[in-house]
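First residue of the sequence shown: 103, per the working numbering; consecutive thereafter.
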Amino acid sequence: EQLATRAVKVVDAADLPLEWFGYESIDTLVLNSSQPELYRPLTASPQRIDALVRWVELGGRVVIFCGANAPELIGPDGPLAPLIPGKFDTLAPLRETQPIESFVPSEAALTINRETQLQVPQLTDVQGQILAFAGQNPTDLPLVIRARRGLGEVTFIGLEPDAAPLADWQGRVNLLRLALQWPTTAAADGASGNYGQEEDLIDRLRRALDGSFVGVKTAPFALVALLVLLYILLIGPGDYFFVKRVLKRMELTWITFPLIVAAVSTAAYWAAHYMKGDQLRVNQVEIVDVDLSTGRARGTVWTHFFSPRVERYNLTLAPQFGDEPVSNHQSLVAWLGATGAGLDGMRGRTQTGLFERGYDFSPPLDALLDLPVQEWSTKTLVGRWSAELIEPIDAKLEGLDDDQLAGHLTNRTGVELQDCLLMHGNLAYRLPNLADGAVATIDESLQPSTVKTALTNAEAGFDIGGSPAEVASNRLDSNTTDVNRLAIAMMFHEAVGGAEFAQSPNRYQAFTDLSRLLQGDQAILLARVEVPGSQWTDGESSLASNQDRRWVYYRFVIPLQEAE
Numbered sequence: 103e104q105l106a107t108r109a110v111k112v113v114d115a116a117d118l119p120l121e122w123f124g125y126e127s128i129d130t131l132v133l134n135s136s137q138p139e140l141y142r143p144l145t146a147s148p149q150r151i152d153a154l155v156r157w158v159e160l161g162g163r164v165v166i167f168c169g170a171n172a173p174e175l176i177g178p179d180g181p182l183a184p185l186i187p188g189k190f191d192t193l194a195p196l197r198e199t200q201p202i203e204s205f206v207p208s209e210a211a212l213t214i215n216r217e218t219q220l221q222v223p224q225l226t227d228v229q230g231q232i233l234a235f236a237g238q239n240p241t242d243l244p245l246v247i248r249a250r251r252g253l254g255e256v257t258f259i260g261l262e263p264d265a266a267p268l269a270d271w272q273g274r275v276n277l278l279r280l281a282l283q284w285p286t287t288a289a290a291d292g293a294s295g296n297y298g299q300e301e302d303l304i305d306r307l308r309r310a311l312d313g314s315f316v317g318v319k320t321a322p323f324a325l326v327a328l329l330v331l332l333y334i335l336l337i338g339p340g341d342y343f344f345v346k347r348v349l350k351r352m353e354l355t356w357i358t359f360p361l362i363v364a365a366v367s368t369a370a371y372w373a374a375h376y377m378k379g380d381q382l383r384v385n386q387v388e389i390v391d392v393d394l395s396t397g398r399a400r401g402t403v404w405t406h407f408f409s410p411r412v413e414r415y416n417l418t419l420a421p422q423f424g425d426e427p428v429s430n431h432q433s434l435v436a437w438l439g440a441t442g443a444g445l446d447g448m449r450g451r452t453q454t455g456l457f458e459r460g461y462d463f464s465p466p467l468d469a470l471l472d473l474p475v476q477e478w479s480t481k482t483l484v485g486r487w488s489a490e491l492i493e494p495i496d497a498k499l500e501g502l503d504d505d506q507l508a509g510h511l512t513n514r515t516g517v518e519l520q521d522c523l524l525m526h527g528n529l530a531y532r533l534p535n536l537a538d539g540a541v542a543t544i545d546e547s548l549q550p551s552t553v554k555t556a557l558t559n560a561e562a563g564f565d566i567g568g569s570p571a572e573v574a575s576n577r578l579d580s581n582t583t584d585v586n587r588l589a590i591a592m593m594f595h596e597a598v599g600g601a602e603f604a605q606s607p608n609r610y611q612a613f614t615d616l617s618r619l620l621q622g623d624q625a626i627l628l629a630r631v632e633v634p635g636s637q638w639t640d641g642e643s644s645l646a647s648n649q650d651r652r653w654v655y656y657r658f659v660i661p662l663q664e665a666e
């Protein structure tokens, strides 16, 4: 039930969010054109369309089914026109069912004579991959188009699944599954959904960050239980025999008992202070994604910090790229709990006590106010920021046959890019570290490997494989606390094998997975950088110490040029 997909139907355009982050709980948004009257109010509310487009550009996924109602919905003034990967020209007749049946696996024919009178939209200036079409060439009458939009994805299908003959077709379910990029029914029936773990990858990342603090030790549970037992023996039988056999005055227990309690309490406090220290500690993972076709960037920050004292924090996020602060940015911040309903779960039902004071957000949601943290305890924060960057990478890459690449790229980030991995389709090129201003040339001298191999081998530190047992089982250890392995598994979850490999789903932070952008007319450059990354500030001071640990990753989505 926790991993089940839930469908929510919106029956009024006024219910669509006014801000892009209103879609953040959605994996995929499906827009159907069978009721065009639902979209008419959007023409008077462009802010809702702008929010939807912004969400897609920042990593959202939208599927659009549009048939005979295309002139109203995706025409020049149509409410959905900004999302279409092309320009609507006219309605065209689709006389044969063969293009649909070739795209959708089904044992049943769409019509008895395999003829139809469907009216489908004719698109021109198509961008993206044409997956199904009618005619001699893909551009004659594209029916299914999948296109990148910023860091997100738009799937356009020029059919109406709720209208005849598709509404009664046995293959309709597979059409919907292909649109959502789910396994078709036959593949889904043969797949196993039990990977031994129900916790999300973000839970495992939080646990790994919690176990990576420098100078903070946690007492094992067995040791704590043993010390509690010794304490009970000391204040009970121990004190009794001491005053009876040694002091031989039972009334002295009024002195010895509080002395024992005070001594043990002092020792416990000293031991805790020795193990956990009196300094703030911060562990942080940051992923910065840059779309080089537009210069737009998004950053995602997960910060796990240890507070040595009872404190209320007023926290804001100051984004950084390279060694420089990011100007004209928009940011959102929040605390991050476990994904379930446990003690610190986001689905828990605990309430603030009678004498406790909660926390608050600033009106633009870019600051956490009066966030309480107890002594020697931790809190996890998440921050999202977006901005425009000026050409951090100068790239000229061509796509060749069989997913191969050729060209060069120049590092202009201001910092060294380490462990560089250039990926496209199913191939990955390992590049040398690139100092600021350095140029990498991609030609036949570089031997590519598969993307999964490159992401799961030990080269250049991208070692997800772990122990020999893990490598043999071709799975990520479900108990690993290696932050780098978990971060890579989140960034390319589908590419490394999904939940079967990672042994955890990636549902709560699914927008971080850019695996699907490996296909199409773009490549992705992945690199690590040795910079602190974005900084949290508490009022006038930084949330930082000299023993922090930070993992910062950059991903550049590079548009490919046509080979000459």
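No residue lacks a Cβ here, since even glycine has one placed at the ideal position from N, Cα and C.
Using only the alpha-carbon positions, how far apart do residue i and residue j sit?
i, j, result
"residue 373", "residue 304", "32 Å"
"residue 249", "residue 559", "30 Å"
"residue 322", "residue 330", "13 Å"
"residue 688", "residue 317", "Residue 688 lies beyond the range of the chain shown here (103 to 666); nothing can be said about it."
"residue 429", "residue 118", "30 Å"
"residue 257", "residue 121", "22 Å"
"residue 110", "residue 545", "48 Å"
"residue 622", "residue 505", "10 Å"
"residue 618", "residue 366", "58 Å"
"residue 206", "residue 187", "21 Å"
"residue 219", "residue 301", "49 Å"
"residue 163", "residue 281", "11 Å"
Quick one, which of the options has its alpha-carbon nearest residue i's?
i, options, result
"residue 384", "647, 120, 660", "647"
"residue 107", "129, 531, 148", "129"
"residue 215", "521, 203, 207, 226", "203"
"residue 231", "221, 356, 251", "251"
"residue 649", "485, 382, 371, 611", "382"
"residue 493", "477, 484, 516, 157", "516"
"residue 213", "338, 267, 529", "267"
"residue 440", "307, 397, 314", "307"
"residue 655", "645, 636, 643, 641", "636"
"residue 259", "593, 165, 207", "165"
"residue 489", "280, 550, 401, 477", "401"
"residue 221", "228, 236, 146", "236"
"residue 668", "153, 390, 395", "The structure shown does not extend to residue 668, since the chain is modelled only from 103 through 666, so no value can be given for it."
"residue 361", "351, 513, 341, 350", "341"
From what residue to what residue does the alpha helix (DSSP H) around residue i run?
i, result
"residue 306", "303-312"
"residue 174", "172-176"
"residue 602", "600-604"
"residue 157", "148-159"
"residue 330", "323-335"
"residue 203", "200-205"
"residue 416", "No alpha helix (DSSP H) holds residue 416; the beta strand (DSSP E) holding it covers 413-420."
Buried or exposed for residue i, please, with buried defined as at least 16 other CB atoms from any protein chain shown within 10 angstroms of its CB.
i, result
"residue 406", "buried"
"residue 608", "buried"
"residue 125", "buried"
"residue 368", "exposed"
"residue 178", "exposed"
"residue 347", "exposed"
"residue 199", "buried"
"residue 244", "buried"
"residue 139", "exposed"
"residue 392", "buried"
"residue 604", "buried"
"residue 127", "exposed"
"residue 459", "exposed"
"residue 612", "buried"
"residue 58", "Only positions 103 to 666 of the chain appear in the structure, and residue 58 is not among them; the question remains open."
"residue 582", "buried"
"residue 356", "exposed"
"residue 217", "exposed"
Whole-angstrom Cβ separation of residue i and residue j, contact assumed at under 8 Å?
i, j, result
"residue 591", "residue 598", "6 Å"
"residue 523", "residue 536", "Wrong, their Cβ atoms sit about 12 Å apart, outside the cutoff."
"residue 173", "residue 151", "About 18 Å; that fails the 8 Å criterion."
"residue 485", "residue 419", "4 Å"
"residue 240", "residue 193", "Their Cβ separation, rounded to whole angstroms, is 19 Å, which puts residue 240 and residue 193 out of contact at 8 Å."
"residue 587", "residue 628", "Actually they are not in contact, since the Cβ atoms of residue 587 and residue 628 sit about 14 Å apart, beyond 8 Å."
"residue 208", "residue 169", "Contact doesn't hold; Cβ gap of about 19 Å is too wide."
"residue 417", "residue 403", "In fact, because the Cβ distance is near 11 Å, the residues do not count as touching under 8 Å."
Residue i lies in the beta strand (DSSP E); which residues open and close that run?
i, result
"residue 506", "Note, residue 506: premise wrong, no beta strand (DSSP E); not H, not E."
"residue 637", "637-640"
"residue 471", "469-475"
"residue 589", "No beta strand (DSSP E) holds residue 589; the alpha helix (DSSP H) holding it covers 585-593."
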